[in-house]
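In what follows, a single structure is set out as structure tokens and then discussed.
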Amino acid sequence: AKNTDTRKPWLTAGIGIEQAVRGFHQVTITSNKIERTAEILTDIFGFKLQATEVNRFRYVTDTVAEAATVDLVEVPGEMAGHVAGGSVHHVAFRVKDEATLMYFRDLVVAKGLDITEKIDRNYFYSLYFREPGGVLFEIATDNPGFEVDEDMADLGKGLKLPKQYESQRESITAILPKLD
Numbered sequence: 008a009k010n011t012d013t014r015k016p017w018l019t020a021g022i023g024i025e026q027a028v029r030g031f032h033q034v035t036i037t038s039n040k041i042e043r044t045a046e047i048l049t050d051i052f053g054f055k056l057q058a059t060e061v062n063r064f065r066y067v068t069d070t071v072a073e074a075a076t077v078d079l080v081e082v083p084g085e086m087a088g089h090v091a092g093g094s095v096h097h098v099a100f101r102v103k104d105e106a107t108l109m110y111f112r113d114l115v116v117a118k119g120l121d122i123t124e125k126i127d128r129n130y131f132y133s134l135y136f137r138e139p140g141g142v143l144f145e146i147a148t149d150n151p152g153f154e155v156d157e158d159m160a161d162l163g164k165g166l167k168l169p170k171q172y173e174s175q176r177e178s179i180t181a182i183l184p185k186l187d
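Below you can see the structure in the form of structure tokens.
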């Protein structure tokens, strides 16, 4: 099938345009009971139920083309996952700016959920909250972006660290693999 994803591919040597990564298509969340999680998707993020197949409920939104699908899979009695190799730490939703970030924070608070204060990640701002099924959700801004501390032409040529990790530069550098 022809690739219809319109997002810009991440091209590298040896990887053609048809195989290039363009981003995530969807995320699947498995939960004991999905009702409250579904409410978060619909009431806060504007998702709509698109399809149901047995215990899989597909939610979609048109806010992000080609990357706005969340499948909720209900498995009664399923144990909660553990953060470890092969698992996902959190699911991130992107917003354009700080004003939009704070708008979503207000929606989460209105739902009675605990949410962090705005966190400055140097390249973006974010908020974190646990949805009722226990999955950690992040809402993160596009701005200010990776050009905060270097020009676009120089991106990736050297190790740039957010200011909170600069004091650990030596130990971080020591464990990184050498790149050609």
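Here the sequence shown stands for residues 8 to 187, numbered as in our numbering.
Heads up, the beta-carbon is just placed ideally off N, CA and C, and yes, glycines get one too.
From a predicted model like this one, the values you see are computed outputs, not experimental measurements.
*asked:* Looking at the secondary structure, which residues open and close the beta strand (DSSP E) in which residue 66 lies?
replied: 63-67 is the extent of the beta strand (DSSP E) around residue 66.
_Cβ distance (whole Å) where residue 49 is taken to contact residue 138 below 8 Å_ = Rounded, the Cβ-Cβ distance is 12 Å, inconsistent with contact.
*Are the region 136-151 and the region 101-120 touching by the rule of at least three beta carbon pairs closer than 8 Å?*
Touching, yes, given that three or more Cβ pairs across the two stretches are closer than 8 Å.
*Hey, residue 99 and residue 46: beta-carbon distance below 8 Å or not?*
No, these two residues do not count as a Cβ contact at 8 Å.
*Candidates 38, 175, 15, 22: which alpha carbon is nearest residue 31's?*
Relative to residue 31, the option among 38, 175, 15, 22 whose CA is nearest is 15.
*Which runs of the alpha helix (DSSP H) fall wholly inside the region 92-141 and span at least 4 residues, in chain order?*
105-117, all fully within the region 92-141.
*By Cβ distance below 8 Å, which residues in the same chain neighbour residue 125 in space, the five residues on each side in sequence not counted?*
Cβ neighbours of residue 125 beyond the five flanking positions: 105, 108, 109, 112, 132, 133, 134.
*asked:* With three or more beta-carbon pairs closer than 8 Å as the criterion, would you say the region 73-83 touches the region 159-178?
replied: Contact between the region 73-83 and the region 159-178 is absent, because fewer than three Cβ pairs lie under 8 Å.
*Check whether the Cβ atoms of residue 39 and residue 84 lie closer than 8 Å to each other.*
Yes, Cβ-Cβ distance for residue 39 and residue 84 is below 8 Å.
*DSSP-derived helix/strand/coil call for residue 78*: Of the three classes helix, strand and coil, the one that applies to residue 78 here is strand, per DSSP.
_Own chain residues within Cβ distance below 6 Å of residue 150, not counting five before or after_ = In the same chain as residue 150, and ignoring 5 residues on each side of it, the C-beta atoms closer than 6 Å to its own belong to 104, in chain order.
*Contact test: residue 39 Cβ vs the ligand ZN heavy atom, cutoff 7 Å*: Looking at this structure, you won't find the ligand ZN or any other ligand, since it has none at all.
*Let me know the secondary structure DSSP gives residue 12 once reduced to three states.*
In this structure, residue 12 counts as coil in the three-state DSSP scheme.
*Rank 165, 142, 129, 17 by C-alpha distance to the C-alpha of residue 96 and give the top, closest one.*
Of the candidates 165, 142, 129, 17, the one whose C-alpha sits nearest the C-alpha of residue 96 is 142.
*From residue 158 to residue 89, what does the alpha carbon distance come to, in whole angstroms?*
The alpha-carbon atoms of residue 158 and residue 89 are separated by roughly 39 Å.
*On the three-state DSSP scale, how would you describe residue 55?*
In the structure shown, residue 55 sits in a strand (DSSP, three-state: E or B).
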